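Student: Numbering (our numbering), first residue to last: 374 to 687. C-beta: ideal position from N, C-alpha, C; glycine also. What you are looking at is a predicted structure, and each value in this text was computed from that prediction instead of being measured.
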């Protein structure tokens with residue numbers, strides 16, 4: 374009842390938006406419950422467990438990895454909205470500055486295979502490997518940097534309605550958006566709140582905490598576009614990825630022959646395949662062995678509390 378996020382199959386639950394208001398169970402009780410579950414899981418995994426149960430456990434473990442990342446970004450959001458901007462950690466590295474010169478990588482038109490194709494774990498939304506036809510395109514070798522995004526701000530990117538989708542422009546106006554999340558202009562200089570605290574922006578770091586609306590507008594500003602998820606997957610072996618979840622132009626939709634499984638697991642992905650955009654890659658907050666080039670993350674177009682970034686295409 375307390376920890377169920379959205380599974381109708383399981384039954385009633387606390388409204389998701391209200392869970393942050395719960396002061397009980399205490400942190401101590403939560404830790405005790407976590408230890409209890411961990412010990413029970415170890416005992417179960419060391420027993421003679423059948424294959425079907427192991428498959429369910431594997432999904433559960435990977436689902437926990439998703440929540441490890443979400444927990445970290447939620448912690449950052451809470452601390453980042455505290456007026457004191459307290460630091461969370463001295464050791465967590467949010468980025469590696471990219472000093473590579475921007476280059477365009479050319480991809481030839483043709484038929485490409487998309488989707489998961491191995492015996493390793495994947496989520497059901499990656500299955501249904503299929504062929505897609507792609508026209509000639511170019512994709513950037515690196516992510517957009519803070520310095521490049523500051524040019525967008527200086528050139529009134531947040532004031533030019535012609536760069537935005539109608540819904541994006543409404544979002545900018547209604548929420549007074551004028552910069553990425555966690556940016557603060559102090560004495561004429563941009564600063565950024567990271568998990569290490571507030572510091573002056575590193576101009577070579579990838580611009581971070583960007584919504585799809587902003588990614589689209591910036592691409593328009595540069596006479597470019599955001600790549601589709603198929604373009605990203607076909608080209609990913611040519612560039613470095615893994616610092617930021619990268620917005621794509623693709624709506625979150627099922628692959629060919631996708632079918633939800635019965636029961637609670639059927640609620641895991643399929644019912645969210647509407648009004649969301651796909652993000653590809655992974656981020657600095659993604660747990661080890663949880664990233665792969667076929668992974669399909671997805672969020673609504675206005676959200677930006679995750680470690681999101683922009684890669685351009687044309």
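(1) Apart from the five residues on each side of it in sequence, which residues of its chain come closer than 6 Å, Cβ to Cβ, to residue 525?
(2) Can you tell me where the alpha helix (DSSP H) holding residue 429 begins and where it ends?
(3) Considering only DSSP beta bridges, list what residue 624 is partnered with.
(4) Alpha carbon to alpha carbon, how far is residue 393 from residue 451? Give it in angstroms, no decimals.
(5) By DSSP, does residue 610 sit in helix, in strand, or in coil?
(6) Start and end of the beta strand (DSSP E) containing residue 485?
(7) Within 10 angstroms of the Cβ of residue 602, are there 16 or more other Cβ atoms? Answer buried if so, exposed if not.
(8) Which one of 484, 483, 485 and 502 has the shortest CA to CA distance from residue 492?
(9) According to DSSP, is residue 559 part of a helix, a strand, or is it coil?
(10) Residue 684 and residue 619: beta carbons closer than 7 Å?
(11) Which term fits residue 389, buried or exposed, when burial requires 16 or more other beta carbons within 10 angstroms of its beta carbon?
(12) Report the residue from 456, 547, 498 and 505 whose alpha carbon sits nearest the alpha carbon of residue 484.
(13) How far does the alpha helix (DSSP H) with residue 593 in it extend, from its first residue to its last?
Tutor: Let's see:
(1) A distance below 6 Å between beta-carbons, with the five flanking residues on each side excluded, links residue 525 to the following residues of its chain, in chain order: 591 and 594.
(2) Its alpha helix (DSSP H) spans residues 424-453.
(3) Residue pairing by DSSP puts residue 624 in a beta bridge opposite 650.
(4) Distance between the alpha carbons of residue 451 and residue 393 is about 10 Å.
(5) Reduced to three states, the DSSP call for residue 610 is helix.
(6) If you look at residue 485, you'll find it in the beta strand (DSSP E) that goes 483-487.
(7) With 16 or more Cβ atoms within 10 Å of its Cβ, residue 602 is classed as buried.
(8) Minimum Cα distance to residue 492 is reached at 502.
(9) In the three-state scheme derived from DSSP, where H, G and I count as helix and E and B as strand, residue 559 is classed as strand.
(10) Closer than 7 Å, so yes.
(11) Around the C-beta of residue 389, fewer than 16 other C-beta atoms lie within 10 Å, and the residue is accordingly described as exposed.
(12) Residue 505 is the option with its Cα nearest to residue 484.
(13) 585-594 is the span of the alpha helix (DSSP H), which, as asked, contains residue 593.
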